[in-house]
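Novice: Below: one structure in structure tokens.
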Amino acid sequence: MRITDDRYCRDRLRFDLALRLIGHEARTHTIRTWTGLTEDRVRKLYRTYLAEHPGEYVARRRGKSPQRCSYFLRSPRVQQEAAVLAGLFCMVGIVSRESRLDPRALSVAQGELLCIAYEMYLALVAAPRISFEHAAFLVIALARGDELALRHCAECGALTIADCYTLRASACSACAGPARGPLSCAPALPGRRARDLPAAARGTPAPAQLGPIDRD
Ligand SMILES: [Zn+2]
59 MRITDDRYCR DRLRFDLALR LIGHEARTHT IRTWTGLTED RVRKLYRTYL
109 AEHPGEYVAR RRGKSPQRCS YFLRSPRVQQ EAAVLAGLFC MVGIVSRESR
159 LDPRALSVAQ GELLCIAYEM YLALVAAPRI SFEHAAFLVI ALARGDELAL
209 RHCAECGALT IADCYTLRAS ACSACAGPAR GPLSCAPALP GRRARDLPAA
259 ARGTPAPAQL GPIDRD
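Numbering (our numbering), first residue to last: 59 to 274.
Quick look at the structure:
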């Protein structure tokens, strides 16, 4: 009886996570990777999700999940948002120095932590650019550690995402400034230089850019 109950609980947690991932428009492959469910089960859960959320549009994305780490370094804005996400991953404990997540053996608990971090990112960042798929890929890329690494900005100490192969010291997008990138990041306070801000505020978008997201 106990074994049956445990199994029921595990399955229930798996289904709940899958429904949460569907809500974030995760691809079937991603849902399978994080929940261990079969493709057929995921397909049925899509139907369940649509039945439980009438009128809500949820894209069912197909094809390959993101695989290019260069996406997170392609612009100061995306790099800054990736640093915010990475900070949230560290905060919830899915990315840590002590233990590396194994991409081949992901647990439901880790999937829940990923969702918590991504939902915090959506709540904190106005007009967020990083999709759930890319967020899930960022966790894997950081766990792999072969292309992307978490570094501290050489100038202000803020958490930043860096290319493992780069030889120059990392600088966050605020310290790198407009001269080093195609986009400039607005200073948090008018008339105040970004590097005057406390380091803790540097990995996050400027407060002027923060705001709740319209979620119907
Ligand atoms: Zn910096």
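For glycine and all other residues, C-beta sits at the position ideal for the given N, C-alpha and C.
What you are looking at is a predicted structure, and each value in this text was computed from that prediction instead of being measured.
Does the pairing of the stretch 175-183 with the stretch 135-155 give three or more beta-carbon distances under 8 angstroms?
Specialist: yes
Novice: Would you say L206 and C127 are within 8 angstroms of each other, going by their C-beta atoms?
Specialist: Walking along the sequence shown from the start, residue 206 turns up at place 148. Walking along the sequence shown from the start, residue 127 turns up at place 69. Contact flag set, yes.
Novice: Taking the alpha helix (DSSP H) that I198 falls in, what are its first and last residues?
Specialist: Numbered from its first residue, the sequence shown carries residue 198 at position 140. Element bounds for I198: F190 to R202.
Novice: What's the gap between the Cα of L75 and the Cα of T96?
Specialist: Here the question's residue 75 lines up with position 17 in the sequence shown. Here the question's residue 96 lines up with position 38 in the sequence shown. Distance between the alpha carbons of L75 and T96: 14 angstroms.
Novice: Could you have a look at V116 and say whether DSSP puts it in helix, strand or coil?
Specialist: In the sequence shown, the residue the question calls residue 116 occupies position 58. For V116, the secondary structure class from DSSP, reduced to helix, strand or coil, is coil.
Novice: Name the DSSP beta bridge partners of L208, please?
Specialist: As a first step, residue 208 must be located in the sequence shown, where it is residue number 150. Paired residues: I219.
Novice: Do L103 and V116 have their CB atoms nearer than 8 angstroms?
Specialist: Within the sequence shown, the letter at position 45 stands for residue 103. Within the sequence shown, the letter at position 58 stands for residue 116. No, they are not a contact pair.
Novice: Can you name, in chain order, every residue of its own chain whose Cβ lies under 8 angstroms from the Cβ of V153, other than the five neighbours on each side?
Specialist: Translated into the one-based positions of the sequence shown, residue 153 becomes position 95. Same-chain partners within the cutoff: A144, F147, L159, V197, L200, A201 and L208.
Novice: Under three-state DSSP, which class holds E110?
Specialist: Your numbering for residue 110 matches position 52 in the sequence shown. It is helical.
Novice: Could you tell me whether any Cβ in chain B is nearer than 8 angstroms to the Cβ of R132?
Specialist: Among the chains of the structure shown, chain B does not appear; only one protein chain is present.
Novice: By the 10 Å Cβ neighbour count, where 16 or more other Cβ atoms means buried, how is S231 classified, buried or exposed?
Specialist: Residue numbering aside, residue 231 sits at position 173 when the sequence shown is read from its first letter. With 16 or more other Cβ atoms within 10 Å, it is buried.
Novice: In angstroms, rounded to a whole number, what distance separates the CA positions of I188 and I89?
Specialist: Position 130 of the sequence shown holds residue 188. Position 31 of the sequence shown holds residue 89. When rounded, the distance between both Cα atoms is 18 angstroms.
Novice: Along the chain, where does the alpha helix (DSSP H) containing Q137 start, and where does it finish?
Specialist: Translated into positions along the sequence shown, residue 137 becomes position 79. Residues P134 to V150.
Novice: Give the straight-line distance between the Cα atoms of R78 and Y223, rounded to the nearest whole angstrom.
Specialist: Residue numbering aside, residue 78 sits at position 20 when the sequence shown is read from its first letter. Residue numbering aside, residue 223 sits at position 165 when the sequence shown is read from its first letter. Taking the Cα positions, R78 is about 35 angstroms away from Y223.
Novice: Rounded to whole angstroms, how far is the Cβ of R85 from the Cβ of R119, which I believe are closer than 8 angstroms?
Specialist: Taking the sequence shown and counting its residues from 1, one reaches residue 85 at position 27. Taking the sequence shown and counting its residues from 1, one reaches residue 119 at position 61. Right, the Cβ-Cβ distance comes to about 5 angstroms (below 8 angstroms), so this counts as a contact.
Novice: Let me know the secondary structure DSSP gives V100 once reduced to three states.
Specialist: Start at 1 with the first residue of the sequence shown, and residue 100 comes out as number 42. In this structure, V100 counts as helix in the three-state DSSP scheme.
Novice: My output table needs one value for V166: the three-state DSSP class, helix, strand or coil.
Specialist: Reading the sequence shown from its first residue, position 108 is the one you call residue 166. DSSP places V166 within a helical segment (H, G or I) once states are collapsed to three.
Novice: Tell me the DSSP bridge mates of V153?
Specialist: For the purposes of this step, residue 153 is taken as the residue at position 95 of the sequence shown. Paired residues: none, contrary to the question.
Novice: Buried or exposed: where does R132 fall if 16 or more other Cβ atoms within 10 Å of its Cβ makes it buried?
Specialist: To locate residue 132, count along the sequence shown from 1; it is residue 74. Exposed.
Novice: Are L171 and W92 closer than 8 angstroms when you measure CB to CB?
Specialist: Here residue 171 corresponds to residue number 113 of the sequence shown, with the count starting at 1. Here residue 92 corresponds to residue number 34 of the sequence shown, with the count starting at 1. Against a cut-off of 8 angstroms, the Cβ pair of W92 and L171 comes out as no contact.
Novice: Between S123 and F195, is the Cβ-Cβ spacing less than 8 angstroms?
Specialist: As a position in the sequence shown, residue 123 is number 65, starting the count at 1. As a position in the sequence shown, residue 195 is number 137, starting the count at 1. Their beta carbons are under 8 angstroms apart, which means S123 touches F195 by this criterion.
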